[in-house]
Amino acid sequence: MANGSGIGKLLSTLAVLACALVFQGGEGGMAPGPASAADGYGPDMAPRWGAGSLADPRQFASMEAEAAVAGACASSAPFVVLDTFRYYRPANLDDDLTDPDHPEAARVGHGDLVAAIAGRTHGRVMAYQIDPVFNAVTLARDMARLVADIEAGRLERPAAVISSIVLPVDLDDVNGQLPAAERISPRDLARRKARALDALVEIAGGENPYRIVRDAMASLRARGVPVFVAAGNTAPDRLVNMLALNEGVYAIGALGADGRRAEYTSMPDMVSVWTPGQFVVTETEGGVSLNRGRELVFRGSAFTEERALIDRYVGRLPAEAAIATPDVLAALPPEAGRRVRLGFARKFLQEGLYRTADLLAFYGYPATSGHVRRSLQQGAYMHYPSDMIFSVDGRGRLAFDPLGDGRPGQLAVNDATSFAAPNVCASVTAATMVASGAPVQVVGAR
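The sequence shown begins at 0 in numbering that gives the first Met the number 0 and counts up one residue at a time.
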């Protein structure tokens, strides 16, 4: 049996890691090519399965994963999105989250965007609120509550559950619970995921949150409900989404706007499905859409804070607009963790525009991370605290043009596996949805 020495370390870091995985890299993206998120998949991205390189168009790791996606996407039952919401009304809450008399004040949260993406390519989506104070214990409780609601008939049996929330576990910590001869490499993790899950479950008794999550995932699988989860956004490292260790759960990796596998996708050997993960919020009549689509996604929302930053910086010379990170960073020891560095950022960083490389270094991201490389591709300057990225145009002035078409009305970029996970049906229905301009169907929509 594995000993219990690792559970404290694992649980004490989960909240920080999860926040980094969920919200990291929400801004920015390269100009979309033929296989952009707006198009779903181009003709050269037809469903195929197998392992491949970053440029390999095959998006399914197995026939099982392809069948799970096809079955869920063909179902008339809703997708249930586990997240936190500010615009849509979750099925498990009774209160409106926005004032119906003042829809222009509606804010859009992480879960709202995830649900809207799912709604573009699947007929019905249901928002399900989780505890906003996120950690392994609260997520386990929320998973168990979801299963209980389905079993009791309070929720319709869904076609699938989507979680863009990541429960990260370091493979080194997993291996610390195993005998040396049984340790697992990233290459072997997909094949030996059951053993990795057992190691986590064996750490403690019945209140172990990993055990509760495992039991909830097993209950969903027994009812024929697949679970699609974000793989995470921290590669290259040894973090894996613990949810994906369960049978019937499929990790979703992100394809960039150019159709290539995003380097930031965590533990790519564990990815079951690759799908586009970049969405640009754009202005449209009555609210906002995604990637200049004709469908109105968030009625009444104006993204006023983002618009204000765009108006403030676009067209200015970087030398006049940007400021330097404070020297206090030099006082931090090299081994200072990201939690400490983020604390320093909140205390010492003033609001403003910084060099992307400098700000991410201040946050504690290694220069080799996929997140840093992607962010630098998106633009040389990043705003704190919004993390909005600005590029430099041919005139040497600041620009915000993630779609690369030079047109105004682009407000925000969301680029992560969090947004690939709800886009899992893109290969089946995205072209039809975009062509028809069909409205997003989300339970609780205004």
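Each residue gets a CB set at the ideal place from its N, CA and C atoms; glycine is no exception.
Candidates the options: which alpha carbon is nearest residue i's?
| i | options | result |
| --- | --- | --- |
| Leu475 | Asp268, Val212, Ala256, Pro225 | Since the first residue shown for the chain is 0 and the last is 445, residue 475 is missing from the structure and cannot be characterised. |
| Pro384 | Leu348, Phe297, Gly405, Asn413 | Leu348 |
| Pro89 | Val113, Ala73, Ala69, Cys72 | Val113 |
| Ala323 | Phe302, Glu350, Gly285, Ala335 | Glu350 |
| Ser75 | Arg156, His109, Arg191 | Arg156 |
| Arg119 | Leu410, Cys72, Tyr249 | Cys72 |
| Cys424 | Ile251, Asn245, Arg140 | Ile251 |
| Tyr127 | Ala66, Ala379, Leu154, Glu305 | Leu154 |
| Ala253 | Leu358, Leu244, Ala419, Ser288 | Ala419 |
| Val224 | Arg191, Glu150, Ile211, Glu201 | Glu150 |
| Tyr380 | Arg222, Tyr312, Ile211 | Tyr312 |
| Leu308 | Ser300, Ser288, Ala320, Arg345 | Ala320 |
| Glu305 | Ala193, Val132, Arg106, Asn134 | Arg106 |
| Phe59 | Ala180, Trp273, Arg194 | Trp273 |
| Ala256 | Leu244, Phe278, Tyr249 | Phe278 |
| Val79 | Gly108, Arg123, Glu63 | Arg123 |
| Arg372 | Gly175, Lys346, Pro235, Leu331 | Pro235 |
| Leu341 | Gly152, Phe361, Glu334, Phe399 | Phe361 |
| Asn240 | Val168, Thr303, Arg394, Lys192 | Val168 |
| Pro365 | Lys346, Glu334, Gly395 | Glu334 |
| Lys192 | Arg345, Gly247, His121 | Gly247 |
| Met387 | Leu138, Ala147, Phe302, Gly152 | Phe302 |
| Ala261 | Thr83, Asp414, His121 | Asp414 |
Is the separation between the beta-carbon of residue i and that of residue j shorter than 8 Å?
| i | j | result |
| --- | --- | --- |
| Leu451 | Val160 | As shown, the chain starts at 0 and ends at 445. That puts residue 451 outside it, with no answer to give. |
| Thr416 | Gly276 | yes |
| Asn232 | Tyr263 | yes |
| Ala215 | Ser265 | no |
| Ser162 | Val270 | no |
| Leu397 | Arg293 | no |
| Leu170 | Ile183 | yes |
| Gly369 | Gly336 | no |
| Ser374 | Leu359 | yes |
| Arg213 | Val200 | yes |
| Pro401 | Gln376 | no |
| Val136 | Pro77 | no |
| Val280 | Leu81 | no |
| Arg85 | Asp111 | yes |
| Val391 | Pro317 | yes |
| Ala66 | Tyr249 | no |
| Glu206 | Arg194 | no |
| Glu282 | Gly408 | yes |
| Val173 | Ala198 | yes |
| Val296 | Ala179 | no |
Please state whether DSSP places residue i in a helix, a strand or coil.
| i | result |
| --- | --- |
| His447 | As displayed, the chain neither begins before 0 nor continues past 445, which places residue 447 out of reach and without an answer. |
| Thr83 | coil |
| Ile202 | coil |
| Arg396 | coil |
| Met44 | Residue placement at Met44 is poorly supported in this model, since its pLDDT is 35, which falls under 50; the coordinates still yield a value, given next. Note: Met44 maps to helix in three-state DSSP. |
| Pro33 | Since pLDDT at Pro33 reaches only 29, below the 50 mark, its modelled position is unreliable, and the value read off the structure follows with that caveat. Of the three classes helix, strand and coil, the one that applies to Pro33 here is coil, per DSSP. |
| Ala229 | strand |
| Val224 | coil |
| Val113 | helix |
| Phe418 | helix |
| Ser435 | Residue placement at Ser435 is flagged as unreliable, the pLDDT there being 37, under the threshold of 50; a coordinate-derived value is accordingly withheld. |
| Gly28 | Reliability fails at Gly28, whose pLDDT of 31 lies under 50, so the model's placement of it is uncertain and no value is given. |
| Leu13 | Model confidence at Leu13 stands at a pLDDT of 42, short of 50, so the residue's coordinates are unreliable; what they give is reported in the following sentence. Helix. |
Looking at the unbroken beta strand (DSSP E) that takes in residue i, where does it start and where does it end?
| i | result |
| --- | --- |
| Ala335 | No beta strand (DSSP E) contains Ala335, which DSSP labels as neither H nor E. |
| Asp414 | 409 to 414 |
| Leu238 | 238 to 240 |
| Val391 | 388 to 391 |
Under DSSP, the alpha helix (DSSP H) around residue i begins and ends at which residues?
| i | result |
| --- | --- |
| Gly351 | It is not in any alpha helix (DSSP H) - Gly351 instead sits in the beta strand (DSSP E) that spans 351 to 354. |
| Ser374 | 369 to 377 |
| Ser218 | 208 to 221 |
| Ala66 | 62 to 73 |
Less than 8 Å between CB atoms is the rule here; does residue i satisfy it with respect to chain B?
| i | result |
| --- | --- |
| Gly70 | Protein chains in the displayed structure number just one, and chain B is not present. |
Item to complete: For the stretch 127 to 187, list the alpha helix (DSSP H) runs that are entirely contained and at least 4 residues long, ordered along the chain.
Response: 135 to 150, 170 to 174
Fill in: Every unbroken alpha helix (DSSP H) within the stretch 250 to 327, with a cutoff of 4 residues, ordered by chain
Counting only runs of 4 or more, we get 303 to 312, 317 to 320.
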